[in-house]
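Novice: Below are the structure tokens for one structure; questions will follow.
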Amino acid sequence: GVCPSSCSDEVTDLHSVVSKFVAGRLCSEVKCKTCGYSTQNHEQFFTLSVPLPPRRARQVHLQDCLQLLENEESSILWCCDKCKHSEASKKIWVASHPKILIVHLERFGYTVSTGRRFKRDDPVTVPTLFSRHDRQADGSLGEQAVYDLFAWTDHHGSDDSSGHYTAHSRHFNGSFYKFDDARVTKTDRPRGAFTSHSAYVLFYERRD
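When we follow our numbering, the leftmost residue of the sequence shown carries the number 1, and every step to the right adds one.
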């Protein structure tokens, strides 16, 4: 059947509420390697997926992953509107940070030779408090955003087709609880930072 106008309005309102709190803005720049001509594109994001370092390290900090996202340039095939050559570089950065920042650690990869997916269990240091700056097109820093960790999910297992998920979340009274299927237990409040081999999705709330 056809969704009535009231249903459509509710969906629109829900999307507006989600966008208000969770949506940030990414900017990407593609630059021709021959003539230097460049174009920029802005897009909305709800989850910020960040890579782990190419090679396994004994210690990785979340800020390292965020810097990899913004500092890494990739080579792409692109027909330049100015000189028509096809080699270009692409980089992205966060132009605007949301009220609720959801960070997805890219722990899963794909081996071309075997056709199998794998999981990286690198130890990642997760800060309970950290700050970020919006970045402008010229590379200068904009408004600062200070974030507190209020929840995270862990993946336990060797690949994304199997395994087990658990979650930790902050109660409105400040206490933290662990959710493991039907089992809910109170846990110690994380302080400073903690290192995890299984942290997968992190949820941060921006301070006003």
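In this text, a Cβ means the ideal position worked out from N, Cα and C, and glycines have one as well.
All of these numbers come straight from a predicted model, not from anything done at the bench.
Using the Cα positions of LEU68 and VAL146, report the straight-line distance between them to the nearest angstrom.
Specialist: Each residue's Cα considered, the two are about 20 Å apart.
Novice: Hey, would you say CYS32 sits closer than 8 Å to ALA137, going by beta carbons?
Specialist: No, the Cβ-Cβ distance between CYS32 and ALA137 is not below 8 Å.
Novice: Quick one: give me the first and last residue of the beta strand (DSSP E) that ASP180 is part of.
Specialist: Residues 176–180.
Novice: Measuring CA to CA, which of ASP64, ASP148, ALA193, THR47 is closest to PRO54?
Specialist: Of the candidates ASP64, ASP148, ALA193, THR47, the one whose C-alpha sits nearest the C-alpha of PRO54 is ASP64.
Novice: Classify ARG107: buried if its beta carbon has 16 or more other beta carbons within 10 angstroms, exposed otherwise.
Specialist: Under this definition ARG107 is a buried residue.
Novice: Quick check on SER89: does DSSP put it in helix, strand or coil?
Specialist: SER89 falls in the strand class under three-state DSSP.
Novice: Since I believe PHE203 is in contact with PHE150 (beta carbons under 8 Å), could you give me their beta-carbon distance rounded to a whole number of angstroms?
Specialist: PHE150 to PHE203, Cβ: 6 Å. Contact.
Novice: Tell me the DSSP secondary structure of LYS20 in three-state form.
Specialist: Three-state result, LYS20: helix.
Novice: Would you kindly work out how many angstroms separate the C-alpha atoms of LYS186 and LYS178, rounded to a whole number?
Specialist: So the alpha carbons of these two residues sit roughly 6 Å apart.
Novice: So is ARG183 buried or exposed if we call it buried at 16+ other beta carbons inside 10 Å?
Specialist: By the 10 Å Cβ count, ARG183 comes out exposed.
Novice: If I follow the unbroken alpha helix (DSSP H) through GLU70, where does it start and stop?
Specialist: Looking at the DSSP string, the run of the alpha helix (DSSP H) that includes GLU70 is 62–71.
Novice: Starting from GLN136, follow its DSSP beta bridges and name the residues at the other end.
Specialist: Its beta-bridge partners do not exist; DSSP assigns none.
Novice: Pop quiz: ILE102 and PHE46 are said to be a contact at Cβ under 8 Å. What is the actual Cβ separation, rounded to whole angstroms?
Specialist: ILE102 to PHE46, Cβ: 7 Å. Contact.
Novice: Starting from the Cα of ASP121, find the closest Cα among HIS171, ASN41, HIS156 and give me that residue.
Specialist: Out of HIS171, ASN41, HIS156, HIS156 has the C-alpha closest to the C-alpha of ASP121.
Novice: Give the DSSP bridge partners of PHE108, in chain order.
Specialist: Answer by DSSP bridge pairing, in chain order: LYS119.
Novice: So, with DSSP's three-state summary, where would you put ASN41?
Specialist: The answer is strand: DSSP assigns ASN41 an E or B state.
Novice: In the structure shown, what three-state DSSP assignment does CYS35 receive?
Specialist: DSSP places CYS35 in coil when its eight states are reduced to three.
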